[in-house]
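Here's the structure we're looking at; comments come further down.
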Amino acid sequence: MKHVALLAFALWLVATAPAAELRVSTDFEGGSARVESIDQAARVIRFMPGGDPRRGWPCWWYLRVDGVGKDERVTLDLAGSDRPTRNNGQDTGKPLAASWAMPARATFSTDSKAWQHTAPGRREGARIFYEVTGTGGPLWVAWGPPFTPRDTDALLAEAEKLSPSAKSFELARTRADRPVRGLRVGEATTKKPPGIWVQARQHAWESGSCWVARGFTEWLVSDDAEAKWLRHHAEVFIVPIMDVDNAASGNGGKEAAPRDHNRDWDDNPVYPEVAAAQQRLKAMVKEDRLAVFLDLHNPGPGDPTFFYILENQLLKEPMIAERDRFIALAYGRISKIKPLIPMSNRPKTTGANYHPLWRNISANWVCMNGNPDTVSLCLETLWNYEHSTTDGYRAVGRQLGRATADYLRGRASAVPRP
Ligand SMILES: [Zn+2]
Numbered sequence: 000m001k002h003v004a005l006l007a008f009a010l011w012l013v014a015t016a017p018a019a020e021l022r023v024s025t026d027f028e029g030g031s032a033r034v035e036s037i038d039q040a041a042r043v044i045r046f047m048p049g050g051d052p053r054r055g056w057p058c059w060w061y062l063r064v065d066g067v068g069k070d071e072r073v074t075l076d077l078a079g080s081d082r083p084t085r086n087n088g089q090d091t092g093k094p095l096a097a098s099w100a101m102p103a104r105a106t107f108s109t110d111s112k113a114w115q116h117t118a119p120g121r122r123e124g125a126r127i128f129y130e131v132t133g134t135g136g137p138l139w140v141a142w143g144p145p146f147t148p149r150d151t152d153a154l155l156a157e158a159e160k161l162s163p164s165a166k167s168f169e170l171a172r173t174r175a176d177r178p179v180r181g182l183r184v185g186e187a188t189t190k191k192p193p194g195i196w197v198q199a200r201q202h203a204w205e206s207g208s209c210w211v212a213r214g215f216t217e218w219l220v221s222d223d224a225e226a227k228w229l230r231h232h233a234e235v236f237i238v239p240i241m242d243v244d245n246a247a248s249g250n251g252g253k254e255a256a257p258r259d260h261n262r263d264w265d266d267n268p269v270y271p272e273v274a275a276a277q278q279r280l281k282a283m284v285k286e287d288r289l290a291v292f293l294d295l296h297n298p299g300p301g302d303p304t305f306f307y308i309l310e311n312q313l314l315k316e317p318m319i320a321e322r323d324r325f326i327a328l329a330y331g332r333i334s335k336i337k338p339l340i341p342m343s344n345r346p347k348t349t350g351a352n353y354h355p356l357w358r359n360i361s362a363n364w365v366c367m368n369g370n371p372d373t374v375s376l377c378l379e380t381l382w383n384y385e386h387s388t389t390d391g392y393r394a395v396g397r398q399l400g401r402a403t404a405d406y407l408r409g410r411a412s413a414v415p416r417p
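FYI, numbering that gives the first Met the number 0 numbers position 391 of the sequence shown as 390, with every residue one higher than the one before it.
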């Protein structure tokens, strides 16, 4: 009887023990949040994205939560940033629409490596509520699956291990002196093989684009027969993060001052990494071998996956026909992903009606400075969807790689040029 009473007392102690204090931190690579308040009793963390609008749209957020007990549920109560944002290169005086910061499902991890979706959040007025269940250790919660310069390092090291033809390189050092790293993959025996350039994350909040680049890279160095074919017939460059400074500091990048990375492609780029990419691309154009340029992004909250292109009247053949052939092949591949990542086969255009600096958009710059048959495209991969997970994004990257091989194989000029 005495034992039963003791046991009951012990159980009572556990049940009534005060929960550990909830603590939020963002002092790590890519971290970003402005905590409004933490309700320790109700276990609710109220916060908004922490980014500085001068460094891009403040829609990215990524925080670590400590003090969540095993099987304990906490609520993340998110508002959009209240700071005035920039658009079309100017301060709008108004905050960014909150929907950019509010995926239907947030992303979380218990080890900051494997990322999964939360259940759908509950939208109420200007706020959204996500619930996360603890395991007793720290939790990391973010807008989407994070990908930081450390992940680039890991991806490049893994690729070099898997394929002797993969070699990492430093594209440039950023304005804040961080390395912008990329991977070159190629086993072609011809002197001037077709060049393929794949880059992601010119807009730092669009972390999903890095996972597409990762899927492309993992496929390219794999045993897949089509990947081997591509390695043997092309020289491929992949830069997983272009805007390293904002990806590392947790800022949004898009519409940053003085310029957005993807509005920086002219004769005097602000960013060393843009200048360095231009130089490498120009060198391939000079050798008449720039075959494909792909700039990876995530679109607006309600958009499916799609390509951005220039209007036909701004281009000449054979560029238009080659581009359309690439788009058809990519659509054929990506729209077969299971579970489905919805994709539109109708590209959108980025000409004069899209943005005042449309000429300085990377894919447009490459069209205007490329070879007559260069295919240059921006791929926007849908992010606000149940299958927009690390696996979903990687599947898009893999299929984009296969489409690139399909395209090159069917290209009249795939045969080495004289
Ligand atoms: Zn973008």
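C-beta atoms are modelled at their ideal positions from N, C-alpha and C, and glycine is treated no differently.
Cα-Cα, which of the options is closest to residue i?
i: L161; options: T117, W218 and R149; result: W218
i: P257; options: N86, S24 and E169; result: N86
i: A427; options: D294, G301 and E186; result: Coverage of the chain is limited to positions 0 through 417, which leaves residue 427 absent and any answer about it impossible.
i: R410; options: F325, W382 and R345; result: F325
i: R183; options: K190, D263, L170 and I319; result: L170
i: R172; options: G252, A113 and V243; result: V243
i: W60; options: D51, R288 and G68; result: D51
i: L289; options: E379, N368 and I44; result: N368
i: W99; options: A224, P57 and H116; result: P57
i: A212; options: F146, S164, G66 and T188; result: F146
i: R322; options: K191, V291, H232 and T304; result: V291
i: V284; options: V179, Y392, A203 and P192; result: P192
i: R180; options: G252, G249, M241 and A118; result: M241
i: A282; options: L95, D110, D259 and E234; result: E234
i: H296; options: A276, G391, Q198 and L339; result: Q198
i: G133; options: L21, T25, K253 and G299; result: L21
i: Y384; options: Y307, E35 and I340; result: I340
i: S206; options: W382, N344 and S164; result: W382
Identify, in the order they occur along the chain, each residue of the same chain with its Cβ nearer than 7 Å to the Cβ of residue i, setting aside the five sequence neighbours on each side.
i: G350; result: L309, E310, L313 and W357
i: Q398; result: R332, I333 and I336
i: S361; result: Q201, N261, W264 and D294
Would you say residue i reaches chain B, if we count a Cβ-Cβ gap shorter than 8 Å as a contact?
i: S361; result: Going by chain labels, chain B is absent from the structure shown, which holds only one protein chain.
Tell me which residues share the same chain as residue i and place their Cβ nearer than 6 Å to its Cβ, disregarding the 5 neighbours each side in the sequence.
i: R42; result: V73
i: D265; result: N359
i: P137; result: R63 and D65
i: Y406; result: F325 and L328
i: W114; result: T106, S108, P144 and T389
i: S111; result: W139
i: I37; result: L21 and I44
Please state whether DSSP places residue i in a helix, a strand or coil.
i: V86; result: The sequence as given places Asn at residue 86; Val does not occur at that position. The answer is strand: DSSP assigns N86 an E or B state.
i: W196; result: strand
i: P119; result: coil
i: W364; result: helix
i: P144; result: coil
i: Y61; result: strand
i: P178; result: strand
i: I237; result: strand
i: E28; result: coil
i: T348; result: strand
i: A290; result: strand
i: R172; result: strand
i: S208; result: helix
i: A402; result: helix
i: A270; result: According to the sequence shown, residue 270 is Tyr rather than Ala. If DSSP states are grouped into helix, strand and coil, Y270 belongs with coil.
i: Y330; result: helix
i: D372; result: coil
i: L21; result: coil
i: G133; result: strand
i: S248; result: helix
i: D70; result: strand
i: V220; result: coil
Could you compute how far the alpha carbon of residue i sits from the alpha carbon of residue j?
i: D372; j: A327; result: 16 Å
i: A247; j: A7; result: 50 Å
i: A404; j: I195; result: 10 Å
i: R200; j: S221; result: 23 Å
i: A125; j: L77; result: 9 Å
i: I319; j: I237; result: 24 Å
i: V23; j: P338; result: 34 Å
i: N250; j: R54; result: 6 Å
i: A224; j: T151; result: 25 Å
i: A226; j: G299; result: 31 Å
i: A118; j: A275; result: 42 Å
i: Y270; j: N245; result: 12 Å
Give me whichever residues DSSP pairs with residue i in a beta bridge.
i: P94; result: P83
i: S108; result: W139
i: L295; result: A199 and L378
i: F46; result: V34 and L77
Closer than 8 Å by C-beta to residue i: which residues in its own chain qualify, once you throw out the five before and the five after it? Chain order, please.
i: A18; result: Q39, R42, G66, G68 and E71
i: R416; result: Caution is warranted here: a pLDDT of 44 is assigned to R416, below 50, making its placement in the model unreliable, and the coordinate value is therefore given only provisionally. Taken in chain order, the residues that qualify are K191, D287 and R288.
i: G433; result: Nothing in the structure corresponds to residue 433, since the chain is present only between 0 and 417.
i: T25; result: S31, A32, G49, Y61, L62, R63 and G249
At a threshold of 7 Å, does residue i count as lining ligand 2 (C-beta to nearest heavy atom)?
i: K347; result: With respect to ligand 2, the structure shown offers nothing to examine, as its ligands consist of ligand 1.
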